[in-house]
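K.L.:
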């Protein structure tokens, strides 16, 4: 169980990291950190998994190209804005409602469903995320918290129930719309940084459901 809890911490950290990338633009300091040995080693480690390798390779390629991109931080911030803060027609809005809602508008049923799930588990997400509950950054932050909460138990049955809840959340709240979101990111993101992040997120969710199903 000790190994399982350590692995849970790693899973949560990855979801929180991915959440942060969709939450706001990277600052210059954060972008510089992505070129550090620490982050590059972390990405290399993820890329050792065959499922994640294609997305990791694209992410590393985008990071390498950022080093020679003029005004890289400003341009990457513009990419973020164009993708996630403008219109659905020209961007890839990061809300489940835009892909599986009934009206094509924000705050549709997926947002209400997510609010109910958060209330049911009595888990609070990052208060800096002032977005509808079905924003991808909120859903990923919640999932990380859900994983960490499972580490509070030492009872095997409770841990199995928690894994089942995590698997259900990924399959019903994420994988129902992430494939469409990923396609949209690739259609719109010409430079490719955020498209590679969306590909990595999709691949990691698919990999994680396999892990949870086997536990």
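Residue numbers (our numbering): 11 to 225. Even glycine gets a Cβ: it sits at the ideal position worked out from N, Cα and C. This structure is a prediction, so every number in the text was calculated from the model and none was measured.
According to DSSP, is residue 105 helix, strand or coil?
P.N.:
Residue state, collapsed to three classes: strand.
K.L.:
Residue 128 lies in the alpha helix (DSSP H); which residues open and close that run?
P.N.:
Note, residue 128: alpha helix (DSSP H), 119-131.
K.L.:
Judging by CA-CA distance, which residue of 34, 18 and 110 is the nearest neighbour of residue 140?
P.N.:
34
K.L.:
Measure the Cβ-Cβ separation of residue 36 and residue 206 and say whether it is below 9 Å.
P.N.:
No, they are not a contact pair.
K.L.:
Please name the residue, chosen from 168, 156 and 128, that lies closest to residue 23 on a Cα-to-Cα basis.
P.N.:
156
K.L.:
Should residue 108 be counted as a contact of the ligand GDP given a C-beta to heavy atom distance under 8 Å?
P.N.:
This structure lacks the ligand GDP, and indeed carries no ligand of any kind.
K.L.:
For residue 143 and residue 125, which I take to be in contact (beta-carbon distance under 8 Å), what is that distance rounded to the nearest angstrom?
P.N.:
Beta-carbon to beta-carbon, residue 143 and residue 125 are separated by about 5 Å, close enough to satisfy the 8 Å threshold.
K.L.:
DSSP on residue 43, reduced to helix/strand/coil?
P.N.:
helix
K.L.:
In or out: residue 135 buried (at least 16 other Cβ within 10 Å) or exposed?
P.N.:
When all chains shown are included, residue 135 counts as buried.
K.L.:
Under the three-state reduction of DSSP, which class applies to residue 258: helix, strand or coil?
P.N.:
A query on residue 258 cannot be resolved here, the shown segment of the chain reaching from 11 to 225 and no further.
K.L.:
Given this structure, state the Cα-to-Cα distance separating residue 32 from residue 54, to the nearest angstrom.
P.N.:
21 Å
K.L.:
State yes or no: is the C-beta of residue 225 within less than 9 Å of the C-beta of residue 173?
P.N.:
yes
K.L.:
Consult DSSP for residue 83 and reduce its assignment to one of helix, strand or coil.
P.N.:
helix
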